[in-house]
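Asker: Residue numbers (the working numbering), protein chains in the order written: chain F, 1117 to 1224; chain Z, 618 to 738. The structure under discussion is supplied below as structure tokens; questions concerning it will follow.
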Amino acid sequence: DIQLTQSPSFLSASVGDRVSITCRASQGISSYLAWYHQKPGKAPKLLIYAASTLQSGVPPRFSGSGSGTEFTLTISSLQPEDFATYYCQQLNSYPTYTFGQGTKLEIK
Amino acid sequence: EVQLVESGGGLVKPGGSLRLSCVASGFTLSTYTMNWIRQAPGKGLEWVSSIDSSSSYKFYADSLKGRFTISRDNANNSLYLQINSLSAEDTAVYYCARVGLRVAWDAFDIWGQGTMVTVSS
């Protein structure tokens, strides 16, 4: 099974900061990776698919990069609504899937 | 509006069974591969099961095989998850989600709001 490891698990930042979250896969997954964020009590929301393609309606301050085993989600200038938990998901083993353990982004 | 709405969760005693439903609106369910994902309280996301558009294949997380059964009724735009022999470890919010059609190996582009399953005596 493909395992995903996100780092860091917790991140404290301020409005306006640039932040990055890393997702590492236990084996190569090409560009078959997605990013979601989730606010308390809500369903996850898709941000990025195919490693770097922005989901329709998602602000351009979000960007994704990487391929193979290492991927990065970057938020260029944090907004108050971005404080949430972020998950990566590998799609390489379609139609079975795994998620990273999550990164909780908190306000400093 | 494109949406998924889950139902069927609730309080169940250990050893009991439950059938979760997910109804699609605003799009034709029969076109899409569908999934169930769960999230235990305070924990991360765990993929549970997937079913292709015509029910030709069904996949389950290795740790859950045998107690979970996914099915769908395209005529009624509905997806289901039957869970048997429930234990406290199955306590979670259960989400249904759609696989997009934009690229090969697409992501889960639409999610339901979730239905809570609590297993307790």
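For glycine and all other residues, C-beta sits at the position ideal for the given N, C-alpha and C. These figures come from a predicted structure and were not determined experimentally.
I'd like the list of long-range same chain contacts for residue 1136/F, defined as Cβ closer than 6 Å, with 5 residues on each side in sequence excluded.
Answerer: Position 20 of the first sequence, counted from the start, is the residue given in the question as residue 1136/F. Cβ within range, chain order: 1188 and 1190.
Asker: Where does the unbroken beta strand (DSSP E) through residue 1217/F begin, and where does it stop?
Answerer: Your numbering for residue 1217/F matches position 101 in the first sequence. Residue 1217/F -> no beta strand (DSSP E), and no H or E assigned at all.
Asker: Pull out every residue of the region 656-672 of chain Z whose Cβ sits closer than 8 Å to any Cβ of chain F, in chain order.
Answerer: Listed in sequence order: 661, 662, 663, 664, 667 and 669.
Asker: Just to confirm, is the Cβ distance from residue 681/Z to residue 635/Z under 8 Å?
Answerer: For this step, residue 681/Z is matched to residue 64 along the second sequence. For this step, residue 635/Z is matched to residue 18 along the second sequence. Cβ distance not < 8 Å, so residue 681/Z and residue 635/Z don't count as in contact.
Asker: So which of 731/Z, 700/Z, 693/Z and 705/Z has the shortest CA-CA distance to residue 641/Z?
Answerer: Here residue 641/Z refers to the residue found at position 24 of the second sequence. Measuring from the Cα of residue 641/Z, the nearest candidate turns out to be 693/Z.
Asker: Answer yes or no: do residue 734/Z and residue 650/Z have a C-beta to C-beta separation smaller than 8 Å?
Answerer: Position 117 of the second sequence holds residue 734/Z. Position 33 of the second sequence holds residue 650/Z. No. Outside cutoff.
Asker: Per the contact definition of three or more C-beta pairs closer than 8 Å, is the region 1150-1169 of chain F in contact with the region 1118-1134 of chain F?
Answerer: Segments in contact, no.
Asker: Where in the region 637-719 of chain Z do unbroken runs of the beta strand (DSSP E), each at least 3 residues long, occur, reported from the N-terminal end onward?
Answerer: Fully enclosed beta strand (DSSP E) runs of 3 or longer: 651-656, 663-668, 675-677, 685-690, 695-700 and 709-716.
Asker: Tell me residue 1150/F's beta-bridge partners as DSSP assigns them.
Answerer: Position 34 of the first sequence, counted from the start, is the residue given in the question as residue 1150/F. Residue 1150/F pairs with 1205/F.
Asker: Pick out whichever of 1199/F, 1206/F and 1181/F has its Cα sitting closest to the Cα of residue 1121/F.
Answerer: The residue you call residue 1121/F lines up with position 5 of the first sequence. The option with the nearest alpha carbon to residue 1121/F is 1206/F.
Asker: How is the beta strand (DSSP E) around residue 1159/F delimited, first residue to last?
Answerer: Indexing the first sequence from 1 puts residue 1159/F at position 43. No beta strand (DSSP E) contains residue 1159/F, which DSSP labels as neither H nor E.
Asker: Nearest to residue 701/Z by CA position, among 710/Z, 687/Z, 695/Z and 713/Z, is which residue?
Answerer: As a first step, residue 701/Z is located in the second sequence; it is residue number 84 there, counting from the start. Closest option to residue 701/Z, Cα to Cα, is 687/Z.
Asker: Could you confirm whether any beta carbon from chain Z is found closer than 8 Å to the beta carbon of residue 1160/F?
Answerer: As a position in the first sequence, residue 1160/F is number 44, starting the count at 1. Yes - at least one Cβ of chain Z is within 8 Å of the one on residue 1160/F.
Asker: So residue 623/Z and residue 699/Z are in contact, right, with Cβ under 8 Å, and what is the actual spacing, rounded?
Answerer: By 1-based counting over the second sequence, the position of residue 623/Z is 6. By 1-based counting over the second sequence, the position of residue 699/Z is 82. With 8 Å as the limit, residue 623/Z and residue 699/Z do not qualify as a contact, their Cβ atoms being about 14 Å apart.
Asker: Within 10 angstroms of the Cβ of residue 1223/F, are there 16 or more other Cβ atoms? Answer buried if so, exposed if not.
Answerer: Start at 1 with the first residue of the first sequence, and residue 1223/F comes out as number 107. Answer is exposed; the Cβ neighbour count stays below 16.
Asker: Thinking C-alpha only, which one of 1157/F, 1216/F and 1126/F is nearest residue 1186/F?
Answerer: Reading the first sequence from its first residue, position 70 is the one you call residue 1186/F. The residue with the shortest Cα to Cα distance from residue 1186/F is 1216/F.
Asker: Whole angstroms is fine: what's the gap from residue 619/Z's alpha carbon to residue 679/Z's?
Answerer: The residue labelled residue 619/Z in the question sits at position 2 within the second sequence. The residue labelled residue 679/Z in the question sits at position 62 within the second sequence. Spanning the two alpha carbons is a distance of roughly 31 Å.
Asker: Give me the DSSP bridge partner(s) of residue 1128/F.
Answerer: Within the first sequence, the letter at position 12 stands for residue 1128/F. 1222/F, per the DSSP bridge assignment.
Asker: Going straight from the alpha carbon of residue 725/Z to that of residue 1118/F, what length do you get?
Answerer: Counted from its first residue, the second sequence places residue 725/Z at position 108. Counted from its first residue, the first sequence places residue 1118/F at position 2. Residue 725/Z and residue 1118/F: Cα-Cα distance of roughly 18 Å.
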